[in-house]
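For reference, the structure is listed below as structure tokens.
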Amino acid sequence: MDEILEILEKDARATVEDIAKMLKKKPEAIRQAIKKYEKEGAILKYKAVINRELIKDADAEVRALIEVNITPQKDLGFDKIAERIYSFPEVSSCYLISGTYDLLLVVEGKDLHTVARFVAEKLAPSEHVRGTATHFLLKKYKEDGVILKHREENKRIAISY
Amino acid sequence: MKNIISKKVQDMQPSGIRAFFDLVLGMKDVISLGVGEPDFVTPWNVREAGIYSLEQGFTSYTSNKGLYKLRLGISRYLKSRHGLDYCPDEEILITVGVSEGIDLVFRSIIEPGDKILIPSPGYVSYGPVSELAGGISVYIDTKNDGFKLTPKALEKNIDKKTKALILNYPSNPTGVSYTKKELSEINKVLLKHKILCITDEVYGDLTYDFEHTPFTTLSGAKNNTVYLDGFSKSYAMTGWRVGFACGPKEIIAAMTKIHQYTIMCVAITSQMAAAEALVSGRRAVDEMKREYKRRRELVIDGLNKLGLVCAKPQGAFYAFPCIKNTGMKALEFAEKLLKEEKVAVVPGTAFGREYDDYIRISYASSFENLKDSLSRIERFSKRRVK
Numbered sequence: 000m001d002e003i004l005e006i007l008e009k010d011a012r013a014t015v016e017d018i019a020k021m022l023k024k025k026p027e028a029i030r031q032a033i034k035k036y037e038k039e040g041a042i043l044k045y046k047a048v049i050n051r052e053l054i055k056d057a058d059a060e061v062r063a064l065i066e067v068n069i070t071p072q073k074d075l076g077f078d079k080i081a082e083r084i085y086s087f088p089e090v091s092s093c094y095l096i097s098g099t100y101d102l103l104l105v106v107e108g109k110d111l112h113t114v115a116r117f118v119a120e121k122l123a124p125s126e127h128v129r130g131t132a133t134h135f136l137l138k139k140y141k142e143d144g145v146i147l148k149h150r151e152e153n154k155r156i157a158i159s160y
Numbered sequence: 000m001k002n003i004i005s006k007k008v009q010d011m012q013p014s015g016i017r018a019f020f021d022l023v024l025g026m027k028d029v030i031s032l033g034v035g036e037p038d039f040v041t042p043w044n045v046r047e048a049g050i051y052s053l054e055q056g057f058t059s060y061t062s063n064k065g066l067y068k069l070r071l072g073i074s075r076y077l078k079s080r081h082g083l084d085y086c087p088d089e090e091i092l093i094t095v096g097v098s099e100g101i102d103l104v105f106r107s108i109i110e111p112g113d114k115i116l117i118p119s120p121g122y123v124s125y126g127p128v129s130e131l132a133g134g135i136s137v138y139i140d141t142k143n144d145g146f147k148l149t150p151k152a153l154e155k156n157i158d159k160k161t162k163a164l165i166l167n168y169p170s171n172p173t174g175v176s177y178t179k180k181e182l183s184e185i186n187k188v189l190l191k192h193k194i195l196c197i198t199d200e201v202y203g204d205l206t207y208d209f210e211h212t213p214f215t216t217l218s219g220a221k222n223n224t225v226y227l228d229g230f231s232k233s234y235a236m237t238g239w240r241v242g243f244a245c246g247p248k249e250i251i252a253a254m255t256k257i258h259q260y261t262i263m264c265v266a267i268t269s270q271m272a273a274a275e276a277l278v279s280g281r282r283a284v285d286e287m288k289r290e291y292k293r294r295r296e297l298v299i300d301g302l303n304k305l306g307l308v309c310a311k312p313q314g315a316f317y318a319f320p321c322i323k324n325t326g327m328k329a330l331e332f333a334e335k336l337l338k339e340e341k342v343a344v345v346p347g348t349a350f351g352r353e354y355d356d357y358i359r360i361s362y363a364s365s366f367e368n369l370k371d372s373l374s375r376i377e378r379f380s381k382r383r384v385k
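Written out as structure tokens, the structure is:
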């Protein structure tokens, strides 16, 4: 993978100038490359990773992993039905997977009741959905490679040869 | 009390910048660019292997030479990566970091009065340790050759008493390294004069501009080289203290003799972890290497723009800029920078008395820290650069 992407994936706030320095290229070249990635959709958006547990006034939020069994459609396979499902704003992630069920969803809602209602009223009754199993998340330890706890302090001694 | 200490140790030069180090350690909220070790922690797979070995009850001694599993792993790794053939039974010894390897090899080969050639500036232990073994250190100044030992300078310093050269590349403190061609020239001189080559290649994996060439891969070099390496820098395992020595079996046998009486063996937990590092640690090494390389560009570019000129280091994680045009000497620069801007660097004099116009900056620190300290150094030197 292009190192520009590697750098941005780790730190979306890395500036064009910094990246140019790191890779010893002209800022203009980096700017062009990033523009191109954005245009192509290789870079979709930039966002912060927030540890909600530390936000006092964050709206309470419940997340659930939902396994969904669906009947694929002729000629369209899973894609069309997946699209119907992931278009709901409650669905934050949607994956087609191998194994005993077909889609894995991450669904978010402000409380248990909201998520349950989404499953009962929107998801389960959908045409082609044969069954669902909902697992509520209890605690988030690590997400997308980020461990959700305070940064550990450096344990090195300040001076060594 | 003074008389109880041996003359040899009394004569050893204590580090002249100890007081400065104490000053750094006593201060809070300092950004330290004075650290000679990675800012990464050991990759989790490796730490986990150490923990697991303890759970399994591996708490005993190992064979003096080190765990066979680890020696075999090293042998295979050297074969696959560099095409080297080192027999795990007779030609590899596991040491307590490269530091012990240096001590063992000097004690194994030095007769009183033998001379050891040491390119300068260099890592702090070579001189004192060779002298402790009865040798005479001959420092070869490389300042005017871009901090590289040239075949000419090498040949000029060889005489009848010269026993060995110790060559550290990529170098601490300069980060300078050698291409295969440059090494071949050095090798020719050594073979011609029958001078042993001891290499400290602990930063070898952290070479950025070209492939690192182990000295012992050069034509005719294997029987004339003791190759020292370790896990500290590349795998971010400094505190585990695991290194290894590869060389002709007579020398390894001699080193093993000393090692078995003085050290016995490296801690088994560390050896177990190191064995795992060889199996699953490469990805982490490559990732860290890419990260260091990016930081290097930032730091070198930044320093040069500030008028603190430095040669571009090809490896390790150090820059060794010249601070002459600030009008300050190394220790004064370091002390004032620490007091005024809370950035710690190591005065060049730590690596040789004559490097009073240099400081060592370690870029084994986060990008934000480096950026922050560069702007602090800028503020600091703008007040002074003439």
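Those protein sequences? They're chains A and B, same order as listed. Everything in the first sequence is counted per numbering that gives the first Met the number 0, starting at 0 for the first residue and increasing by one. Everything in the second sequence is counted per numbering that gives the first Met the number 0, starting at 0 for the first residue and increasing by one. Beta carbons: idealized from backbone N, C-alpha and C, even for Gly.
Terminal residues of the beta strand (DSSP E) in which residue i lies
i                        : result
lysine 248 of chain B    : Taken as a continuous stretch (DSSP letters only), lysine 248 of chain B belongs to no beta strand (DSSP E), being part of the alpha helix (DSSP H) at 248-261.
threonine 268 of chain B : Taken as a continuous stretch (DSSP letters only), threonine 268 of chain B belongs to no beta strand (DSSP E), being part of the alpha helix (DSSP H) at 267-279.
leucine 336 of chain B   : Taken as a continuous stretch (DSSP letters only), leucine 336 of chain B belongs to no beta strand (DSSP E), being part of the alpha helix (DSSP H) at 329-340.
tyrosine 51 of chain B   : That residue, tyrosine 51 of chain B, is in no beta strand (DSSP E); its alpha helix (DSSP H) goes 43-54.
proline 118 of chain B   : 114-119
leucine 227 of chain B   : 224-229
arginine 129 of chain A  : 128-135
tyrosine 234 of chain B  : Note, tyrosine 234 of chain B: premise wrong, no beta strand (DSSP E); not H, not E.
lysine 162 of chain B    : 161-167
CA-to-CA distance, residue j to residue i, given in whole angstroms
i                         : j                           : result
isoleucine 197 of chain B : glutamate 99 of chain B     : 13 Å
leucine 22 of chain A     : lysine 311 of chain B       : 14 Å
threonine 70 of chain A   : leucine 111 of chain A      : 27 Å
glutamine 72 of chain A   : glutamate 107 of chain A    : 27 Å
tyrosine 202 of chain B   : arginine 70 of chain B      : 20 Å
glycine 33 of chain B     : alanine 343 of chain B      : 6 Å
glycine 301 of chain B    : arginine 293 of chain B     : 12 Å
leucine 195 of chain B    : lysine 78 of chain B        : 23 Å
arginine 382 of chain B   : lysine 232 of chain B       : 36 Å
leucine 24 of chain B     : isoleucine 156 of chain A   : 8 Å
leucine 330 of chain B    : aspartate 144 of chain B    : 24 Å
tyrosine 207 of chain B   : threonine 113 of chain A    : 54 Å
glutamate 89 of chain B   : lysine 180 of chain B       : 30 Å
lysine 187 of chain B     : alanine 220 of chain B      : 9 Å
serine 97 of chain A      : phenylalanine 77 of chain A : 12 Å
valine 308 of chain B     : tyrosine 94 of chain A      : 53 Å
leucine 227 of chain B    : isoleucine 4 of chain B     : 31 Å
isoleucine 33 of chain A  : alanine 11 of chain A       : 11 Å
isoleucine 322 of chain B : phenylalanine 39 of chain B : 29 Å
Residue i: first and last residue of the uninterrupted alpha helix (DSSP H) it sits in
i                         : result
serine 107 of chain B     : 96-108
valine 188 of chain B     : 179-192
aspartate 10 of chain B   : 6-10
glycine 126 of chain B    : 125-131
isoleucine 358 of chain B : Element bounds for isoleucine 358 of chain B: not the alpha helix (DSSP H) but the beta strand (DSSP E), 358-361.
threonine 113 of chain A  : 111-116
histidine 81 of chain B   : 67-81
isoleucine 3 of chain A   : 2-9
Residue i and residue j closer than 7 Å at C-beta
i                            : j                         : result
tryptophan 239 of chain B    : alanine 276 of chain B    : no
threonine 61 of chain B      : isoleucine 267 of chain B : yes
glycine 35 of chain B        : tyrosine 160 of chain A   : yes
proline 213 of chain B       : isoleucine 185 of chain B : no
threonine 41 of chain B      : methionine 236 of chain B : yes
phenylalanine 117 of chain A : glutamate 152 of chain A  : no
tyrosine 234 of chain B      : glycine 280 of chain B    : yes
glutamine 313 of chain B     : serine 170 of chain B     : no
isoleucine 403 of chain B    : proline 346 of chain B    : In the structure as shown, chain B starts at 0 and stops at 385, and residue 403 of chain B therefore has no counterpart that could be examined.
phenylalanine 105 of chain B : valine 123 of chain B     : no
valine 298 of chain B        : alanine 315 of chain B    : no
proline 37 of chain B        : alanine 363 of chain B    : yes
glycine 72 of chain B        : alanine 283 of chain B    : no
lysine 328 of chain B        : aspartate 355 of chain B  : yes
asparagine 167 of chain B    : aspartate 199 of chain B  : yes
glycine 65 of chain B        : glutamine 259 of chain B  : no
lysine 341 of chain B        : valine 45 of chain B      : no
threonine 325 of chain B     : serine 374 of chain B     : no
glycine 97 of chain B        : glycine 242 of chain B    : A small fix is needed here, since residue 97 of chain B is valine in this sequence, not glycine. Going by C-beta atoms, valine 97 of chain B is nearer than 7 Å to glycine 242 of chain B.
leucine 182 of chain B       : leucine 217 of chain B    : yes
Under 8 Å: do the region 109-120 of chain B and the region 138-151 of chain B share three or more Cβ pairs, one atom per stretch?
yes
Kindly confirm or deny that the region 43-54 of chain A and the region 92-109 of chain A touch, where touching means at least three C-beta pairs closer than 8 Å.
no
Would you be able to state if there are at least three C-beta pairs under 8 Å between the region 62-69 of chain A and the region 117-133 of chain A?
yes
Taking contact to mean at least 3 C-beta pairs separated by less than 8 Å, is the region 103-115 of chain B in contact with the region 152-166 of chain B?
Flag = yes, the region 103-115 of chain B and the region 152-166 of chain B touch.
If contact means a Cβ-Cβ distance below 9 Å, which residues of the region 23-38 of chain B contact chain C?
Given the protein chain composition of this structure (A and B), no chain C is represented.
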